[in-house]
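Its first residue numbered 56, the sequence shown is counted upward by one per residue in the working numbering.
Built from N, CA and C at the ideal position, the CB exists for glycine as well.
Below you'll find the structure, written out as structure tokens, and then a few comments.
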Amino acid sequence: MEELKHECGVAMIRLLKPLEYYEQKYGTWMYGLNKLYLLMEKQHNRGQEGAGLACVKLEANPGEEYMFRERALGSGAITEIFGTVQGNFKDLTKEQLHDADYAKKYLPFAGEAYMGHLRYSTTGKSGISYVHPFLRRNNWRAKNLALCGNFNMTNVDEIFARITAIGQHPRKYADTYIMLEQVGHRLDREVERLFNLAEAEGLTGMGVTHYIEDHMDLANVLRTSSKEWDGGYVICGLTGSGESFAVRDPWGIRPAFWYQDDEVALLASERPVIQTAFNVPAGSIKELMPGQALLINKAGKLRTTQINKVREVKPCSFERIYFSRGSDVDIYRERKLLGEKLIPNILKAINKDLDHTVFSFIPNTAEVAFYGMLQGLDDYLNEEKVQQIASLGHSPNLEELEQILSRRIRSEKVAIKDIKLRTFIAEGNSRNDLAAHVYDITYGSLVPGVDNLVIIDDSIVRGTTLKQSIIGILDRLSPKKIVIVSSSPQVRYPDYYGIDMAKMSEFIAFKAAIELLKDRDMKDVIAAAYRKSKDQMGLPKEQMVNYVKDIYAPFTDEEISAKMVELLTPAGTKAKVEIVYQPLEGLHEACPNHRGDWYFSGDYPTPGGVKMLNNAFIDYIEQVYQF
56 MEELKHECGV AMIRLLKPLE YYEQKYGTWM YGLNKLYLLM EKQHNRGQEG AGLACVKLEA
116 NPGEEYMFRE RALGSGAITE IFGTVQGNFK DLTKEQLHDA DYAKKYLPFA GEAYMGHLRY
176 STTGKSGISY VHPFLRRNNW RAKNLALCGN FNMTNVDEIF ARITAIGQHP RKYADTYIML
236 EQVGHRLDRE VERLFNLAEA EGLTGMGVTH YIEDHMDLAN VLRTSSKEWD GGYVICGLTG
296 SGESFAVRDP WGIRPAFWYQ DDEVALLASE RPVIQTAFNV PAGSIKELMP GQALLINKAG
356 KLRTTQINKV REVKPCSFER IYFSRGSDVD IYRERKLLGE KLIPNILKAI NKDLDHTVFS
416 FIPNTAEVAF YGMLQGLDDY LNEEKVQQIA SLGHSPNLEE LEQILSRRIR SEKVAIKDIK
476 LRTFIAEGNS RNDLAAHVYD ITYGSLVPGV DNLVIIDDSI VRGTTLKQSI IGILDRLSPK
536 KIVIVSSSPQ VRYPDYYGID MAKMSEFIAF KAAIELLKDR DMKDVIAAAY RKSKDQMGLP
596 KEQMVNYVKD IYAPFTDEEI SAKMVELLTP AGTKAKVEIV YQPLEGLHEA CPNHRGDWYF
656 SGDYPTPGGV KMLNNAFIDY IEQVYQF
């Protein structure tokens with residue numbers, strides 16, 4: 056409902072046969088380019104602020120360009136970059152267009168190694184210079200580096216201080232540039248190490264170049280450059296000599312999947328996009344494991360290796376609830392289960408009155424959880440029917456049976472998402488009036504004054520859309536009660552690993568807890584949490600504690616939800632409103648392999664997360680109060 060932006064998607068392809076092979080088998084040497092386009096379009100959900108691609112041509116002669124990059128801004132960036140690439144081929148004759156040897160020698164982007172990136176900014180930094188892949192150029196082919204990633208680092212300040220202390224000079228104070236410098240610096244050292252070995256063996260000229268390119272070990276490069284990284288990441292790279300790599304954070308926060316056959320090796324942020332683009336079963340696709348790297352050398356030999364020691368594994372549960380495509384076999388099942396797990400709380404909210412309740416969902420991401428909720432309600436209603444029939448005795452008449460068996464769960468498409476109407480207007484009142492019409496409702500979908508309306512959403516973070524649009528427009532149907540159901544738990548803490556929610560003031564759950572403390576004359580709790588947070592600012596991040604938990608500790612989930620209702624219900628709403636959240640245990644039962652729940656629980660997987668939360672809480676308090 057409230058669109059959360061997510062830090063990026065990646066795609067890599069390495070062709071394992073010569074271009075002529077794909078021309079003969081698939082009718083085009085652009086096989087790799089076309090598949091990269093598919094992998095990127097199928098992950099469009101992961102980034103709509105910009106896109107970029109890089110390509111490396113193997114075995115180029117000296118003086119010929121071997122590394123290419125194209126980037127663009129905006130939601131149409133994928134189409135734009137591939138359109139620009141294809142523009143290089145528009146004046147070719149049919150013979151030239153199907154001549155793989157000609158393409159290999161003369162055409163840009165006619166290579167064997169490809170990498171693509173989709174960007175959402177969670178740092179607020181925008182512009183073409185922040186669109187991946189980033190490029191580091193050098194006269195030595197093996198020292199050229201293109202880098203892109205799905206990541207957020209929490210300790211950029213520490214890394215920046217350390218690398219500038221040893222004489223490096225990053226061009227910008229941004230995590231991608233700093234990582235580019237770190238990996239690039241270690242890549243330089245690796246090339247120089249091999250250069251010395253080659254010279255010691257008496258090699259000269261191109262013999263040295265070939266020795267270096269044949270003996271490169273990117274595992275060394277990644278181990279030495281990534282050991283200090285604190286955050287969630289999948290970093291991908293290409294070197295000018297044709298090495299490809301991807302490395303995942305040791306907590307397993309951000310996801311990556313890979314596949315290999317005898318024609319191609321590839322990696323993407325999501326599994327079903329590989330299944331769809333290459334028509335392969337889920338079982339043949341492997342997950343890149345926490346702290347692991349996927350390495351493909353110049354000869355096309357693939358291996359995985361452990362780069363960083365595995366830490367407490369906490370894959371991001373928001374990937375399962377919201378970000379990843381619901382077409383993944385496991386994610387689909389998990390989202391349905393999230394809906395099903397809400398049944399006890401929903402039944403309590405409607406006082407078990409299924410006959411006078413209509414169920415619906417907020418389009419479009421909550422749809423799968425809605426199906427799970429319906430399934431759970433059907434199961435509950437069937438149990439009720441069995442008990443009713445049993446209570447009739449051994450010889451019920453047809454009318455009694457018919458009355459029981461005709462009971463149904465009533466579901467309707469009540470809310471319909473309209474086009475975004477807000478983008479062209481900035482003036483406050485007009486903007487709010489337009490925001491109220493982001494959703495349409497289906498008139499006549501429930502009985503006014505009689506029916507409850509239960510509507511499921513995947514997450515309620517800021518609550519702005521509920522207040523500005525949803526509750527007001529649903530109230531026009533005159534339901535007796537509106538129950539807003541969130542398939543995820545209360546979002547209470549910022550994320551620092553790639554989701555655009557970093558300020559305490561953004562969370563309706565936090566606002567509700569603060570208001571409750573004020574209402575109950577417990578401001579001393581706020582002051583104490585602030586003092587303890589302030590006192591630990593000088594400590595190493597590994598020793599810091601999350602004292603924001605103290606703000607929530609005095610209250611039950613239900614008390615915080617009730618306060619949220621007060622804060623979010625627009626004046627003049629006639630229906631009674633209730634907000635029902637997924638319990639944390641329900642999330643863990645539905646997504647057992649994705650225990651990363653720090654935005655709900657406050658249990659950050661890395662020390663950098665706690666440090667950044669500490670700073671955010673202090674900033675909030677110092678802006679609002681004078682302690």
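CB of residue i within 9 Å of CB of residue j, strictly
i, j, result
"L501", "I464", "no"
"P549", "F655", "no"
"A168", "V111", "yes"
"A155", "Y77", "yes"
"I133", "Y92", "yes"
"L200", "L242", "yes"
"I496", "V540", "no"
"R303", "L343", "yes"
"I183", "A109", "no"
"N205", "V384", "no"
"I537", "E633", "yes"
"Y607", "N669", "no"
"R174", "G105", "yes"
"K522", "A568", "no"
"T611", "T209", "no"
"E120", "I136", "no"
"Y314", "I290", "no"
Paired residues, beta bridge with residue i - DSSP
i, result
"Q361", "Q347"
"K353", "Bridge partners of K353: none, in fact."
"T294", "L200"
"D495", "I471"
"K341", "W313"
"C371", "G651"
"S543", "The partner list for S543 (beta bridge, DSSP) is empty, contrary to what the question assumes."
"R174", "G105"
"L128", "G105"
"S466", "F414"
"Y288", "F206"
Where residue i falls: helix, strand or coil (DSSP)
i, result
"E482", "Low local confidence applies: a pLDDT of 49 at E482 is under 50, so the model's placement there is unreliable, and no value is given."
"L207", "It should be noted that the sequence gives Asn, not Leu, for residue 207. The answer is strand: DSSP assigns N207 an E or B state."
"S184", "helix"
"D530", "helix"
"N601", "coil"
"G64", "strand"
"Y169", "strand"
"K536", "strand"
"I554", "strand"
"L122", "The sequence as given places Met at residue 122; Leu does not occur at that position. Here M122 sits in strand by DSSP."
"A404", "helix"
"A320", "strand"
"G260", "coil"
"L397", "coil"
"L71", "coil"
"M56", "Confidence at M56 is low in this model, with a pLDDT of 45, below 50, so its placement is unreliable and no value can be given for it."
"R366", "coil"
"V580", "helix"
"D154", "coil"
"S500", "coil"
Extent of the continuous beta strand (DSSP E) to which residue i belongs
i, result
"G381", "Unbroken run through G381: none, as it is neither H nor E."
"K631", "K631 to Y636"
"R191", "F189 to R191"
"Y314", "F312 to Q315"
"D512", "N507 to D512"
"G107", "G105 to V111"
Extent of the continuous alpha helix (DSSP H) to which residue i belongs
i, result
"H411", "Counting along the chain, H411 falls outside any alpha helix (DSSP H), and DSSP gives it neither H nor E."
"M667", "P662 to V679"
"M234", "D230 to A255"
"R326", "R326 to F333"
"F300", "Here F300 belongs to no alpha helix (DSSP H); instead the beta strand (DSSP E) covers S299 to R303."
"T279", "L273 to S281"
"S616", "D612 to L623"
"V441", "E422 to S446"
"N89", "Y86 to E96"
"F144", "Segment: none, F144 is in no alpha helix (DSSP H) and carries neither H nor E."
Distance cut-off 8 Å: residue i Cβ against heavy atoms of the ligand GDP
i, result
"Y675", "Ligands in the displayed structure: none, and consequently the ligand GDP is not present."
Any C-beta of chain C under 9 Å from that of residue i
i, result
"C63", "Of the chains in the structure shown, none is chain C; there is only one protein chain."
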